[in-house]
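Protein chains in written order, with UniProt numbering: chain A, 1 to 279; chain B, 1 to 279; chain C, 1 to 279; chain D, 1 to 279.
Ideal placement from N, C-alpha and C gives every residue a C-beta, glycine not left out.
Number of protein chains: 4
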Amino acid sequence: MTQLTNEILHQVITSRPENSHKGTFGRAVLIGGNTQYGGAILMSAEACIKSGAGLTTVITAEKNHNPLHTRLPEAMVLDFSETALIHDVLKTADIILIGPGLGLDKDALSLLKQTLKNQRQDQWLIIDGSAITLFSNEHFSLNYPAQTVFTPHQAEWERLSGLDFIHQTDENNRAKQVLLGAKIVLKSHRTTIYDEAVAYYHNPLGNPGMATGGMGDTLAGMIAGFLAQFEKNIDTIGAAVYLHSLIGDELAKENYVVLPTAISSALPHYMKKYADERN
Amino acid sequence: MTQLTNEILHQVITSRPENSHKGTFGRAVLIGGNTQYGGAILMSAEACIKSGAGLTTVITAEKNHNPLHTRLPEAMVLDFSETALIHDVLKTADIILIGPGLGLDKDALSLLKQTLKNQRQDQWLIIDGSAITLFSNEHFSLNYPAQTVFTPHQAEWERLSGLDFIHQTDENNRAKQVLLGAKIVLKSHRTTIYDEAVAYYHNPLGNPGMATGGMGDTLAGMIAGFLAQFEKNIDTIGAAVYLHSLIGDELAKENYVVLPTAISSALPHYMKKYADERN
Amino acid sequence: MTQLTNEILHQVITSRPENSHKGTFGRAVLIGGNTQYGGAILMSAEACIKSGAGLTTVITAEKNHNPLHTRLPEAMVLDFSETALIHDVLKTADIILIGPGLGLDKDALSLLKQTLKNQRQDQWLIIDGSAITLFSNEHFSLNYPAQTVFTPHQAEWERLSGLDFIHQTDENNRAKQVLLGAKIVLKSHRTTIYDEAVAYYHNPLGNPGMATGGMGDTLAGMIAGFLAQFEKNIDTIGAAVYLHSLIGDELAKENYVVLPTAISSALPHYMKKYADERN
Amino acid sequence: MTQLTNEILHQVITSRPENSHKGTFGRAVLIGGNTQYGGAILMSAEACIKSGAGLTTVITAEKNHNPLHTRLPEAMVLDFSETALIHDVLKTADIILIGPGLGLDKDALSLLKQTLKNQRQDQWLIIDGSAITLFSNEHFSLNYPAQTVFTPHQAEWERLSGLDFIHQTDENNRAKQVLLGAKIVLKSHRTTIYDEAVAYYHNPLGNPGMATGGMGDTLAGMIAGFLAQFEKNIDTIGAAVYLHSLIGDELAKENYVVLPTAISSALPHYMKKYADERN
Numbered sequence: 001m002t003q004l005t006n007e008i009l010h011q012v013i014t015s016r017p018e019n020s021h022k023g024t025f026g027r028a029v030l031i032g033g034n035t036q037y038g039g040a041i042l043m044s045a046e047a048c049i050k051s052g053a054g055l056t057t058v059i060t061a062e063k064n065h066n067p068l069h070t071r072l073p074e075a076m077v078l079d080f081s082e083t084a085l086i087h088d089v090l091k092t093a094d095i096i097l098i099g100p101g102l103g104l105d106k107d108a109l110s111l112l113k114q115t116l117k118n119q120r121q122d123q124w125l126i127i128d129g130s131a132i133t134l135f136s137n138e139h140f141s142l143n144y145p146a147q148t149v150f151t152p153h154q155a156e157w158e159r160l161s162g163l164d165f166i167h168q169t170d171e172n173n174r175a176k177q178v179l180l181g182a183k184i185v186l187k188s189h190r191t192t193i194y195d196e197a198v199a200y201y202h203n204p205l206g207n208p209g210m211a212t213g214g215m216g217d218t219l220a221g222m223i224a225g226f227l228a229q230f231e232k233n234i235d236t237i238g239a240a241v242y243l244h245s246l247i248g249d250e251l252a253k254e255n256y257v258v259l260p261t262a263i264s265s266a267l268p269h270y271m272k273k274y275a276d277e278r279n
Numbered sequence: 001m002t003q004l005t006n007e008i009l010h011q012v013i014t015s016r017p018e019n020s021h022k023g024t025f026g027r028a029v030l031i032g033g034n035t036q037y038g039g040a041i042l043m044s045a046e047a048c049i050k051s052g053a054g055l056t057t058v059i060t061a062e063k064n065h066n067p068l069h070t071r072l073p074e075a076m077v078l079d080f081s082e083t084a085l086i087h088d089v090l091k092t093a094d095i096i097l098i099g100p101g102l103g104l105d106k107d108a109l110s111l112l113k114q115t116l117k118n119q120r121q122d123q124w125l126i127i128d129g130s131a132i133t134l135f136s137n138e139h140f141s142l143n144y145p146a147q148t149v150f151t152p153h154q155a156e157w158e159r160l161s162g163l164d165f166i167h168q169t170d171e172n173n174r175a176k177q178v179l180l181g182a183k184i185v186l187k188s189h190r191t192t193i194y195d196e197a198v199a200y201y202h203n204p205l206g207n208p209g210m211a212t213g214g215m216g217d218t219l220a221g222m223i224a225g226f227l228a229q230f231e232k233n234i235d236t237i238g239a240a241v242y243l244h245s246l247i248g249d250e251l252a253k254e255n256y257v258v259l260p261t262a263i264s265s266a267l268p269h270y271m272k273k274y275a276d277e278r279n
Numbered sequence: 001m002t003q004l005t006n007e008i009l010h011q012v013i014t015s016r017p018e019n020s021h022k023g024t025f026g027r028a029v030l031i032g033g034n035t036q037y038g039g040a041i042l043m044s045a046e047a048c049i050k051s052g053a054g055l056t057t058v059i060t061a062e063k064n065h066n067p068l069h070t071r072l073p074e075a076m077v078l079d080f081s082e083t084a085l086i087h088d089v090l091k092t093a094d095i096i097l098i099g100p101g102l103g104l105d106k107d108a109l110s111l112l113k114q115t116l117k118n119q120r121q122d123q124w125l126i127i128d129g130s131a132i133t134l135f136s137n138e139h140f141s142l143n144y145p146a147q148t149v150f151t152p153h154q155a156e157w158e159r160l161s162g163l164d165f166i167h168q169t170d171e172n173n174r175a176k177q178v179l180l181g182a183k184i185v186l187k188s189h190r191t192t193i194y195d196e197a198v199a200y201y202h203n204p205l206g207n208p209g210m211a212t213g214g215m216g217d218t219l220a221g222m223i224a225g226f227l228a229q230f231e232k233n234i235d236t237i238g239a240a241v242y243l244h245s246l247i248g249d250e251l252a253k254e255n256y257v258v259l260p261t262a263i264s265s266a267l268p269h270y271m272k273k274y275a276d277e278r279n
Numbered sequence: 001m002t003q004l005t006n007e008i009l010h011q012v013i014t015s016r017p018e019n020s021h022k023g024t025f026g027r028a029v030l031i032g033g034n035t036q037y038g039g040a041i042l043m044s045a046e047a048c049i050k051s052g053a054g055l056t057t058v059i060t061a062e063k064n065h066n067p068l069h070t071r072l073p074e075a076m077v078l079d080f081s082e083t084a085l086i087h088d089v090l091k092t093a094d095i096i097l098i099g100p101g102l103g104l105d106k107d108a109l110s111l112l113k114q115t116l117k118n119q120r121q122d123q124w125l126i127i128d129g130s131a132i133t134l135f136s137n138e139h140f141s142l143n144y145p146a147q148t149v150f151t152p153h154q155a156e157w158e159r160l161s162g163l164d165f166i167h168q169t170d171e172n173n174r175a176k177q178v179l180l181g182a183k184i185v186l187k188s189h190r191t192t193i194y195d196e197a198v199a200y201y202h203n204p205l206g207n208p209g210m211a212t213g214g215m216g217d218t219l220a221g222m223i224a225g226f227l228a229q230f231e232k233n234i235d236t237i238g239a240a241v242y243l244h245s246l247i248g249d250e251l252a253k254e255n256y257v258v259l260p261t262a263i264s265s266a267l268p269h270y271m272k273k274y275a276d277e278r279n
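Structure, rendered in structure tokens:
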């Protein structure tokens, strides 16, 4: 087991190439936010855009379009029902994140099915929140497990792995990860990342001020933003996980509770800091 | 009569346990905000989330969902009409706040009835604003008075207690509190908290710059946030009341009028300050 | 002619009485904002609330409710069509402002008629923007001219007074003011206030960075906020006019263009500064 | 070829005349923002208003009105369908910007047609984004090419000029500009401005942190704001292009990614700085 350190940030957060354009930094598509949990996908979108994804489209219930545009005019939007446009947008995506606030209804299921079925060899897929529950309930399978990331908290991991809390030991988790093939970001007060059975990361950072609704949605959005622009591998996921907690720890020095949106706001500053230190 | 001092903050605002998750800090459900007074429930929700409640759901008229998500994506939402989902959400609540901007119509009455009827032994209930008026008019009773908090201003206290302004003496208020059994936060330019006849708190802080619409909604939200995460007792209520005024007094040093939302924004900073001083 | 100076701020912006509540600082009702010009009434409402009015209700087209609540949850709202509720709210108002973004259609006309007809002896009325044009076109009259304020720019003053630009001399303006009986705030790059023929104020402040859409809506909201809480007289109007320009001049030291909403944001700070200097 | 330097800012950003009003600084009309790309026109509007246009009306799909008012109450709004009002507003415009987030459907085409057909001799027209694609596809022509500005990125320039990427040399671009007659702002990591065959500007500023969705919408809005208030010529366009990158470079010193809206927020400060240095 490797402990994540600042080194992962220096390694992953590179200076951007001079001759580049927004396409250089990836096209991210985020799917989630039903009528009850719209805030979740808003928080993912903020994390994705503020971590530097080039172009971000959010597929969400129409009632969430307005708050999204108001908070973040940088995002593009589609309603869950715009099937043809969704198809087109998914085809051009480099990264797809599905799940934050998605819920468990028929629409959610249908979007997850479509996303899983159409995943291409060069597309990375992040499955979060209720999409993990749906995936587990329906016994779906993956086209490209090695390019798929699950981001469960412990109850979602129980559904996905069949391991109850007591049996969620590192050894058991590693065995289950091998069976799934996908990368696992198992969120807890000390998040652990599982990949390829033996190589995995442990995150020593984070604090209880971050234990508030939306923190996981923000992490999922950061992973999407990082995979959109940096090398698509486990280190990049590790850097997103580590920076999320590092910013949370910094903010907790001055704040009893750390709001998820405060982490996203701080992203451009902290990413700059570690990109500069690298050089 | 005990005067509230900084000591109540040091006593109540504890360091969070390291091994915790968002559920550790409570599930709050806030009910209010009709089509005319939607801002009230927005202000309660901001105070609740920014004081550190783990998970917050707001049940409010649909027109308020959008401003709520825009200001505060951390909240979850339900419309007044989603009866089945409301039932489910209320069942899982640790704290329920009903009243800010709720109004007096049939929907309001029906929500109050449902909330009162289903209060469980382990649920705390805060009754504020127009819900106090409805409660008084309809002569409702409480399942668990000792776990119920009323937060009337003086006119609402008149309705609830039958005491007109002149007769709202400490002695009379205490007698009426005994009859009701519930805790009373009687708001005025010097707020007083009544509980168990003889033990009560007097708040020496507050200033006339805080005399602006929404200040009470913010206090109600803070009480909900504090009860969600700290010990459920009169001291925790006292700490919320005292901190609300303390922040108001700090902000009034630089501002002629203190906006309620400015108090909520300052919550994470001031709570951190008093948690640190304690240690 | 008297030049306004800092003295008017020291005179008007008094310390608030300790034993007070939100009702002490007045109930303001603002009417305006149709489907095209909704931003105008939003800016008036911000100025009114941030200058310290106790309770503010905004009557505006429903599409503006959401942006209003999002920017300013402290406000209450009603739609133009809620005739019965509007009637009730207008009855309790201390100050009514009508006009910002109101437009010239049938609804606008009907609201202006209702407002003029029901003005009570103890209610002040501010008539701004398109309401001035409607008032002029329809040759309406006033119940209580001495408690009515018109806030025209020069083209609106032409409509109201019949004086074309060339004939808008101080002498002519004063004569027309006598005929109308109402107070006149004639906005230009050097705003002048006319009242009782011989006593009037000239504002020496202001700058061309303030020449941007919404600046007048903000001034109208400030006059409403000031009249709601301070003595209802020409000095209070003068203080609002002077402070509006003074803040604009301060902000223009660092900004090429001064946004109206930036003036409102600075109100609590500047009002505190002049209230303190007074003492 | 001339390199843009700070000198262009000192030359263009003049002190405002003392005796002025909002009309002095121009009426801008911005057309764009369909149901999928609403954020684009929001970003243009922010850049236009914060660079100092006197009065700004935004014609956009109705779902975008609310986010626009919330972010920017200074703007006025019309829906795409309000044909008669659009006609009136376009007649009074000094500057029209069409294209950001407009899309390619029938409504978009019809608005572009109407705009092109009604361009008056004293009106400047900026054609951006999908409006460039539509213009190219439909082989439209211009009433007043010398008062028209195209702001293509390289793929849009290919559509407009027929030059594929490899053939987009300075010489070829200049030849195509002569044929079109309009001014060309060819956006790339080093933007170039073409006009009158031999006189053109090259922008040495900009950085890869600016490679994010919405940066071009912001530039288009700045060009509209600059042309609304300053002399209508190629130097003013050059100043907008240069300042956009200069602010981006300043913000990139502290931020890994530069959000387009952060550039707009900084406009009043930077314009003041260069106006002061000039004097």
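For K232/C, no CB of chain B lies under 8 Å from its own CB, so it is not counted at the interface with that chain. With respect to the C-alpha of M271/D, the residue from T24/D, N64/D, G23/D, I49/D having the closest C-alpha is I49/D.
Inter-residue distance for N143/B and I95/B is about 14 Å (C-alpha atoms, whole angstroms). Nearest C-alpha to A155/B among P145/B, L251/B, S245/B, T133/B: T133/B.
At least one CB of chain A lies nearer than 8 Å to the CB of G54/B.
In the three-state scheme derived from DSSP, where H, G and I count as helix and E and B as strand, F150/A is classed as strand. Closer than 8 Å to the CB of L78/A there is at least one CB belonging to chain D. Along the region 1-35 of chain A, going in chain order, the ones with a CB nearer than 9 Å to a CB of chain D are I13, S15, R16, P17, E18, N19, S20, H21, K22, G23, T24, F25.
Taking 9 Å as the Cβ-Cβ cut-off, the region 250-264 of chain C approaches chain D at L251, A252, K253, E254, N255, Y256, V257, V258, L259, P260, T261, A262, given in chain order.
H202/B and T2/B have their alpha carbons spaced roughly 6 Å apart.
As the crow flies, the alpha-carbon of E231/D is around 11 Å from that of A239/D. Straight across, the Cα-Cα distance linking A211/D with T151/A is about 28 Å. For the pair S44/D and G32/D, the CB atoms are nearer than the 8 Å cut-off. Less than 8 Å separates the beta-carbon of P67/B from that of T70/C. Taking the Cβ atoms as the reference, I86/C lies roughly 11 Å from V58/C, outside the contact range of under 8 Å. By the neighbour-count definition (other C-beta atoms within 10 Å, threshold 16), N255/B is a buried residue.
Of the residues assessed, A28/C falls on the buried side of the cut-off, its CB having 16 or more other CB atoms within 10 angstroms.
Close partners of N66/B in chain C (Cβ separation under 7 Å): N66. Taking a contact as a CB-CB distance under 8 Å, the pair A224/C and I126/C counts as one, their CB atoms being some 6 Å apart. The way I'd put it, the region 204-218 of chain C does touch the region 244-260 of chain C; three or more beta-carbon pairs between them come closer than 8 Å. Counting the other CB atoms within 10 Å of its CB gives F226/B a total of 16 or more, which places it among the buried residues. With a contact defined as Cβ atoms closer than 8 Å, L205/A and S245/A qualify at about 3 Å.
In this structure, the straight-line span from the alpha carbon of H139/B to that of T83/B is close to 24 Å. In the DSSP assignment, D164/D falls outside any alpha helix (DSSP H), carrying neither H nor E. Residues V258, A262 of the same chain have their beta carbon placed closer than 6 Å to that of L251/C, with the five preceding and five following residues left out of the count. Of W124/C, A131/C, E171/C, E158/C, the smallest CA-CA separation from L104/C is found for A131/C. The residue from K22/B, A266/B, G101/B with its alpha-carbon nearest to that of E74/C is G101/B. Using a Cβ distance threshold of 8 Å, S51/A and M222/A count as a contacting pair.
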